[in-house]
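Enquirer:
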Amino acid sequence: MSTNMTDDQRARLVQFLEPSRIVMVATIGRDGMPQMTPNWYFFDGDRVAISTTKDRVKYRNLSRDPRMTVCIASEPMAGDYVSISGPVFISDDDSIWPTTRSIIGRYTPLENADGMIERMKDEGRVILWLTPEKVTFRN
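Position one of the sequence shown corresponds to residue 1 (the numbering used here), numbered consecutively onward.
1. Bridge partners of Phe16, per DSSP?
2. Rounded to whole angstroms, what is the Cα-Cα separation between Phe137 and Pro87?
3. Are the Cβ atoms of Met149 and Met24 separated by less than 8 angstroms?
4. Assign Met36 to one of three DSSP states: helix, strand, or coil.
5. Taking just the CA atoms, how far does Gly124 sit from Leu13?
6. Excluding the five sequence neighbours on either side, which residues of its own chain have a C-beta within less than 6 angstroms of the C-beta of Ile72, listed in chain order?
7. Going by DSSP in three states, Thr99 sits in which element: helix, strand or coil?
8. Is the beta carbon of Ser95 less than 8 angstroms from the beta carbon of Lys134?
9. Starting from Ser63, follow the alpha helix (DSSP H) in both directions and report where the run begins and ends.
10. Considering only the alpha carbon of each residue, which of Gly105, Thr131, Trp97, Tyr107 lies closest to Glu118?
11. Identify, in the order they occur along the chain, each residue of the same chain with its Cβ nearer than 7 angstroms to the Cβ of Trp129, setting aside the five sequence neighbours on each side.
12. According to DSSP, Ile28 sits in a beta bridge with which residue or residues?
13. According to the neighbour-count rule (16 or more other Cβ atoms, all chains shown, within 10 Å of its Cβ), is Tyr107 buried or exposed?
Okay, structure coming up:
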């Protein structure tokens, strides 16, 4: 499946990404080896958003080579999963905070979001926007 998804494929992706699961993020390291980390995410219907900071290896990797693959699995056995690959756009201005709030709200009570965001504002935080070019389901 590619970004030319049918309405049914897009609906399937939206439904699969709705639960608050952990996304495994893979970027390409300087030596060409994959670098992987678990993260929280938010899917806006078109792109996957992941919050990170400028001091993280994945940020440095994506600044050099803006390609990323993520894998999100069902729990607890990971029998079903979706893998999404594509280019990444990095947002680093004040527009990141509503998206950051949406990410936090998927994993913690929303009333905790404001305090968490205040602590994050001095961390050099960015949003990684993954645009799906290749989407693969297993189920």
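Every residue, glycine too, gets a C-beta built ideally from N, C-alpha and C.
All figures in this text were calculated on a predicted structure; none of them were measured in a lab.
Expert: The answer reads as follows:
1. Paired residue(s): none; Phe16 is not in a bridge.
2. One C-alpha to the other measures close to 19 angstroms.
3. The requested residue 149 is not part of the displayed model; the chain covers only 1 to 139.
4. Strand.
5. Taken atom to atom, the span from the alpha-carbon of Leu13 to that of Gly124 is near 31 angstroms.
6. Within the same chain, Ile72 has close Cβ partners Arg21, Val23, Val82.
7. Three-state DSSP puts Thr99 in a helix.
8. Contact flag unset, no.
9. Per DSSP, Ser63 belongs to the alpha helix (DSSP H) from 57-64.
10. The option with the nearest alpha carbon to Glu118 is Trp97.
11. Same-chain partners within the cutoff: Arg47, Ala49, Val88, Phe89, Ser91.
12. Looking at the DSSP assignment, Ile28 forms a beta bridge with Pro34.
13. Counting every other CB atom within 10 Å of its CB across the protein chains shown gives Tyr107 a total below 16, marking it as exposed.
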